[in-house]
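Chains as they are written, first to last, in the numbering used here: chain A, 1 to 111; chain B, 1001 to 1118.
For each residue, glycine too, the CB sits at the ideal point set by N, CA and C.
Heads up: the structure comes next, in structure tokens.
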Amino acid sequence: QKEVEQDPGPLSVPEGAIVSLNCTYSNSAFQYFMWYRQYSRKGPELLMYTYSSGNKEDGRFTAQVDKSSKYISLFIRDSQPSDSATYLCAMSGRAGNMLTFGGGTRLMVKP
Amino acid sequence: DTEVTQTPKHLVMGMTNKKSLKCEQHMGHRAMYWYKQKAKKPPELMFVYSYEKLSINESVPSRFSPECPNSSLLNLHLHALQPEDSALYLCASSQDTPLAGGRTDTQYFGPGTRLTVL
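Structure follows, in structure tokens:
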């Protein structure tokens, strides 16, 4: 079993839909949670950073962390075709631990 | 400014060639990373430099040789590569090292160099 599981998709939604992207993890030491967006043939771009449990909102994006369930989510409101990309969750634990990535979910938002 | 730049954008090389990938950041970050990413896979960590010293080498073959000339620059020297080394090579930087933990080890990625080995 991988440390971080992420449905590879592709997830196809119509423009304007609310998108929910999720990751589950097994390592209870993870405390820092990130979402990266990666367009085809480009480097990952940091979207959201969350420490421990709770919600964080930034524009159309909301990140949620539920440490009791070892489950994190990224919600995208009013999705746009420009949101079409692969979304990677990443997490790290206490000092000394490197980033562990999920496999990425490919999202397609259709006009 | 959270920009990490990488050159070249694309590189095609033969198995006997020697080439170098370059990465630069001017954010004052003290940790820099090399990752390898194959298609439809997440990035795989290769090397970590902390304060210009190699701190992590993830059992990478010696045909990949990293170098950190100063706190802003990171190179990856390539020699005698194999076709299976073809991938997107990503550079990243963070304010502080993973040992520091917390917000300061958030990594920012460059656009990558797409490497093809013939």
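Within chain B, no residue has its beta carbon less than 8 Å from that of R77(A); the closest one is some 24 Å off. Rounded to the nearest whole angstrom, the C-alpha separation of Q1037(B) and G1014(B) is 20 Å. Chain-ordered listing is empty here: chain B has no CB closer than 8 Å to the CB of G9(A), the nearest sitting near 10 Å. Residues of chain B whose Cβ lies closer than 8 Å to the Cβ of G16(A) do not exist; the shortest such Cβ separation is about 27 Å. With respect to chain A, the C-beta atom of K1022(B) has no partner C-beta closer than 8 Å. If the five residues before and after N27(A) are omitted, its C-beta is found closer than 6 Å to the C-beta atoms of E3, all from its own chain and listed in chain order. Under DSSP, T62(A) shares a beta bridge with E57(A), F75(A). In the displayed model, P10(A) falls within coil according to three-state DSSP, outside both helix and strand.
Minimum Cα-Cα distance from F101(A) among the listed residues E1084(B), P1066(B), E1044(B) corresponds to E1044(B).
Assignment of beta-bridge partners to P1066(B) by DSSP yields L1076(B). Counting along the chain, E1024(B) sits inside the beta strand (DSSP E) bounded by residues 1018-1025. The Cβ neighbour count for I72(A), taken over all protein chains shown within 10 Å, is at least 16; the residue is labelled buried. Using beta-carbon distances, G43(A) counts as an interface residue toward chain B, with a partner under 8 Å. Taken through DSSP and simplified to helix, strand or coil, E1084(B) comes out as helix. According to DSSP, E45(A) shares a beta bridge with R37(A).
Residues of chain A with a Cβ closer than 8 Å to the Cβ of P1111(B) are, in chain order, K42, G43. The DSSP-derived three-state label of S68(A) is coil.
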